[in-house]
Amino acid sequence: MLRLPPFRYHRPATIDEAVSLLGEYGDEALPVSGGTDLVPNMKHRLFEPRHLVALKGVGALKGIREEDGWLRIGAAETLTAVGSDPIARARFPALADAAGHVAGPQLRNMGTIGGNLCLDTRCTYYNQTEFWRGALGYCLKKDGTVCHVTRVGKKCVAAHSADTPPVLMVLDAVAVLVGPGGRRELPVRDFFVADGIANSRREPGEIVTEIRIPPTAAGRRAAYVKLRQRQAIDFPLLTVAVAADIEGDGTVRSIEGVVTALGSRPKELSGWREIAEGRRLDDEVVAELAGRAHQQCHPLENIIVDPDWRRAMVPVYVRRALEKVTT
Ligand SMILES: Cc1cc2nc3c(=O)[nH]c(=O)nc-3n(C[C@H](O)[C@H](O)[C@H](O)COP(=O)(O)OP(=O)(O)OC[C@H]3O[C@@H](n4cnc5c(N)ncnc54)[C@H](O)[C@@H]3O)c2cc1C
Ligand code: SF4
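Per the working numbering, residue 168 is the first one in the sequence shown, and the count goes up by one each step.
Spelled out as structure tokens, the structure:
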């Protein structure tokens with residue numbers, strides 16, 4: 168049996184109280200929402216906070232509603248709530264779809280969208296018990312000095328593995344953060360950095376309080392597809408999110424795609440606009456877009472599935488996502 172390390176559990180009722188607790192205990196504290204990722208990670212001794220600051224009891228972090236045309240989702244809303252919310256489903260079905268693809272029903276009932284945005288990166292050599300990791304001499308991300316994936320490099324390339332961020336990126340969503348320095352907004356596109364050890368621009372002591380999707384995104388056609396070993400529970404081996412503005416006659420006005428589960432941040436595909444803008448999404452254009460994505464995606468051995476096969480799946484999943492957009 169894997170046991171949790173000892174910790175004190177704090178239940179703030181307001182955002183200010185949560186931020187103040189995180190400030191008071193500094194490096195010894197972490198925020199926890201559903202705990203579906205953090206608690207197993209604590210059992211694996213990947214994190215050993217002396218204080219957990221629970222966010223689920225903070226009323227201001229709840230609620231899914233429209234505000235001046237924006238869709239506002241409280242960070243502590245569960246993935247089940249996001250996936251089933253009538254407004255989210257009607258306006259942003261790709262987001263509801265992505266939320267519904269996380270893990271399995273029990274985990275979606277506990278796991279939150281804020282926790283999904285802040286999910287730790289994952290790697291075959293990291294998401295293991297302390298005993299397993301110790302037998303290998305640990306690794307750069309935690310307690311060690313070498314990376315078993317790159318072998319020579321001094322950089323962690325653990326995989327970004329969350330389902331909702333790629334869709335939030337193509338929908339131009341904004342994350343609202345509150346911390347010791349006050350409140351700030353950060354586009355989800357700029358939220359992630361290519362560092363597997365700490366892959367976001369969230370400062371220590373800051374919490375994500377809400378996610379906002381602009382009214383301009385509502386007219387876009389978006390889609391999400393996910394490759395995984397089983398159709399439930401499993402983290403992604405590859406995901407593709409696409410969004411396009413398409414005229415009534417089928418002409419593409421703008422298009423973009425994001426692929427994740429490759430490196431430490433979701434990858435925005437380049438060169439898509441040049442290929443598709445002003446053309447229809449017919450078989451020829453879809454094949455060109457899929458080929459362009461394939462050129463740019465180079466999966467690593469950070470996930471326990473053959474990287475060459477994952478790379479071969481990139482154009483397949485891009486085509487599937489584009490088919491969803493056109494239908
Ligand atoms: C078996 C299994 C399968 C899974 N499969 C998937 C999957 O397919 N796809 C997927 O995306 N995820 C998957 N997960 C991971 C997890 O369930 C989800 O990502 C979930 O959304 C995490 O949310 P949470 O509220 O439980 O986060 P927590 O576990 O509470 O927290 C996760 C991290 O985010 C931080 N955090 C949480 N909330 C905030 C906040 N508001 N502001 C700042 N920091 C915060 C925590 O400190 C912690 O570092 C899986 C987990 C398990 C155990
Ligand atoms: S990518 Fe390398 S450093 Fe990062 S978790 Fe995996 S083995 Fe460790």
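Positions of the beta carbon are idealized from the N, C-alpha and C atoms, including for glycine.
For clarity, every value in this text was computed on a predicted model and none was experimentally measured.
Shortest gap from the CB of N283 to any heavy atom of ligand 1: under 7 Å. Within the chosen limit of 7 Å, ligand 2 does not reach the beta carbon of V319 with any heavy atom.
The beta carbon of C464 sits no closer than 7 Å to any heavy atom of ligand 2. In this structure, the straight-line span from the alpha carbon of G430 to that of H327 is close to 6 Å. By the neighbour-count definition (other C-beta atoms within 10 Å, threshold 16), M336 is a buried residue.
Per DSSP, the beta-bridge partners of D310 are C306. With respect to L222, I374 sits close: the two C-beta atoms are nearer than 8 Å. In the structure shown, I471 adopts coil according to DSSP, grouped into three states. Nearest C-alpha to L171 among E184, I400, G438 and P207: P207. Linking G193 to R447 through their CA atoms gives a straight-line distance of about 53 Å. Between E444 and I422, the gap from beta carbon to beta carbon is short of 8 Å.
Taking a contact as a CB-CB distance under 8 Å, the pair N283 and D330 counts as one, their CB atoms being some 7 Å apart.
The residues R447, in chain order, have a CB closer than 6 Å to that of G417 in the same chain once the five nearest residues on each side in sequence are set aside. One thing to note: G278 has its Cβ within 8 Å of the Cβ of G201.
Exposure of P253 is indicated by the presence of fewer than 16 other C-beta atoms within 10 angstroms of its C-beta.
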